[in-house]
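For reference, the structure discussed in these notes is given below.
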Amino acid sequence: MNAIMKYDVACRAIAEAASFDEVQDIADKAIALQEYARRSKNREMETQCAEIRIRAERRLGELLAQTPKNTGTAGKGRPTLGGSERELPNIPTLAESGIDKKLSSRAQKLAKVAPDEFERQLAEWRQRIGNENERVIAKLTHVSHNSGENEWYTPADIIERARHVMGSIDTDPASCEAANALVKATVYFDVDSNGLTQTWNGNVWLNPPYAQPLISQFATAISTKFSTCEFSQACILVNNATETEWFQTLAERASMICFPSSRIKFIDKAGNPSGAPLQGQAIIYLGIRQTEFKDTFMDMGLLVSIYG
Numbered sequence: 000m001n002a003i004m005k006y007d008v009a010c011r012a013i014a015e016a017a018s019f020d021e022v023q024d025i026a027d028k029a030i031a032l033q034e035y036a037r038r039s040k041n042r043e044m045e046t047q048c049a050e051i052r053i054r055a056e057r058r059l060g061e062l063l064a065q066t067p068k069n070t071g072t073a074g075k076g077r078p079t080l081g082g083s084e085r086e087l088p089n090i091p092t093l094a095e096s097g098i099d100k101k102l103s104s105r106a107q108k109l110a111k112v113a114p115d116e117f118e119r120q121l122a123e124w125r126q127r128i129g130n131e132n133e134r135v136i137a138k139l140t141h142v143s144h145n146s147g148e149n150e151w152y153t154p155a156d157i158i159e160r161a162r163h164v165m166g167s168i169d170t171d172p173a174s175c176e177a178a179n180a181l182v183k184a185t186v187y188f189d190v191d192s193n194g195l196t197q198t199w200n201g202n203v204w205l206n207p208p209y210a211q212p213l214i215s216q217f218a219t220a221i222s223t224k225f226s227t228c229e230f231s232q233a234c235i236l237v238n239n240a241t242e243t244e245w246f247q248t249l250a251e252r253a254s255m256i257c258f259p260s261s262r263i264k265f266i267d268k269a270g271n272p273s274g275a276p277l278q279g280q281a282i283i284y285l286g287i288r289q290t291e292f293k294d295t296f297m298d299m300g301l302l303v304s305i306y307g
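For the sequence shown, numbering that gives the first Met the number 0 assigns the number 0 to the initial residue and increments by one for each residue that follows.
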């Protein structure tokens, strides 16, 4: 149960699970804890456990796709051309593995969904849950700029670290007036001016919207604009969704990445702690000041140098 209570640990365990038993054990614990949370009216825990179960079933589908199918007894023991009996491998049936046909079908359908689409559907599911309970939506989503009161802003410490690395923050392509009071970018673009269509100059700070399709659109814009030298450097704060196409797009252009050892505690517009996302974060650096980035962010967590 302890592993399930830690969302990020459970997700990592699911991704690393190499057998049906491992995945089913995680799913069973999630189901049990989900029921406990429901009875205790702990909506946040109930939602987390439901998502863990969904992720476990998807992993089960991936493992099923990699496993040879049991074709029953057809052909077993029949003579080969050499006259001896053909021995077939002892492949367990679904029933022997404790997997019913409905679960198998559901799991394999989940496994066929592309990673980005799967995450998008999960995000929409969380949104529906959140619309029923404001407290849950505040915990489960992070939109870097929106028109409501559940806005989460980057803590000043991280922004100042980024400013120190790059020397200045000239452009923030995904911001608003309240956020820029901390970022202090020379130029910023909000949802109305649409930074995706603008020119980004100098040194860029970016904490993009985390929902699809915007996160992918901003990742593509960063890659394209950096490759054409439209801007000089960038520090980008995103979720550490390393398996997604948009994260891979950013990582391919990066010089260094910092994976903080704990989830970042975002703040509200008044500067008060607003909460931490369920997923961990990554700070991605594009530019030539790798030494400055290393010296500035090394105390926050694991540093990865992409090009040495």
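Each residue gets a CB set at the ideal place from its N, CA and C atoms; glycine is no exception.
Residues Ile53, Glu56, Arg57, Gly60 and Phe117 of the same chain have their beta carbon placed closer than 8 angstroms to that of Leu109, with the five preceding and five following residues left out of the count. Ile157 counts as buried, since at least 16 other C-beta atoms from the protein chains shown sit within 10 angstroms of its C-beta. With three or more CB-CB distances shorter than 8 angstroms, the segment 248-265 counts as touching the segment 214-231. Runs of alpha helix (DSSP H) with 4 or more residues, each lying fully within the segment 254-303, are found at 289-296, listed in chain order. Under the Cβ criterion (8 angstroms, minimum of three pairs), the segment 184-201 counts as touching the segment 163-174.
Under DSSP, the beta-bridge partners assigned to Ile235 are Leu205 and Ile283. Trp199 and Thr153 have their alpha carbons spaced roughly 20 angstroms apart.
Judged by DSSP secondary structure, Ser174 falls outside any alpha helix (DSSP H); it is assigned neither H nor E.
Comparing alpha-carbon positions, the option among Ser18, Asp27 and Leu62 lying closest to Cys48 turns out to be Asp27. Between Val164 and Phe258, the C-beta spacing is not below 8 angstroms. DSSP places Thr227 outside both helix and strand once states are collapsed to three, so it counts as coil. One alpha carbon belongs to Val182, the other to Phe230, and they sit about 17 angstroms apart.
For the pair Ile256 and Leu121, the Cα-to-Cα distance works out to about 26 angstroms. If you compare the alpha carbons of Asn238, Gln211, Val203 and Ala210 with that of Ser222, the shortest gap goes to Val203. Glu45 and Ile25 have their C-alpha atoms roughly 15 angstroms apart.
Leu301 places its beta carbon 8 angstroms or farther from that of Gln232. The DSSP-derived three-state label of Val186 is strand. In this structure Ala31 is exposed. Its beta-carbon is surrounded by fewer than 16 other beta-carbon atoms within 10 angstroms.
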